[in-house]
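Residue numbers (mature numbering (1 follows the signal peptide of the UniProt record, and there is no 0)): -18 to -1, 1 to 131.
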């Protein structure tokens, strides 16, 4: 029974590693990172204040961790070969999420979530659209990773 459990665990780990290669790139300097999301381009100059704020909150232990399985669950229908995340250059690094201030109108509200590693480097940007249904008052939330450009 123990052998079966170990074999099952190893199989699931190798599956996750295969998925990581699908959407991650090796880390580069934050100043060189650019993301495309909802017809907008985000570069370091546009993300710097949010990144610094996120890192300050991380040092105060105020950010929630997002695990690799949670990230993989948010990939949804990502086109094969699309790169959306920089793999941390620090071994065994953890990832954390920081929600930026949103912007929108009466029907759509856009929020961006920075995914940073445990050293405060930007790893990914997750876009979230909240849609207000006018017919039946309800909210619909959809998320998609911004692609690396």
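Ideal Cβ positions, reconstructed from N, Cα and C, are used throughout, including at glycine.
query, result
"Beta-carbon proximity check, residue 43 vs residue 105, cutoff 9 Å", "no"
"Residue 4 versus 39, 37 and 57, residue with shortest Cα-Cα distance", "57"
"DSSP beta-bridge partners of residue 98", "78 and 104"
"Range covered by the alpha helix (DSSP H) that runs through residue 26", "26 to 41"
"Integer-rounded CB distance, given that residue 96 should sit under 8 Å from residue 127", "Contact flag wrong, Cβ pair sits at about 12 Å."
"Beta-carbon proximity of residue 98 to residue 33, cut-off 9 Å", "yes"
"Proximity below 9 Å, CB of residue 30 to CB of residue 80", "no"
"Where residue 115 falls: helix, strand or coil (DSSP)", "strand"
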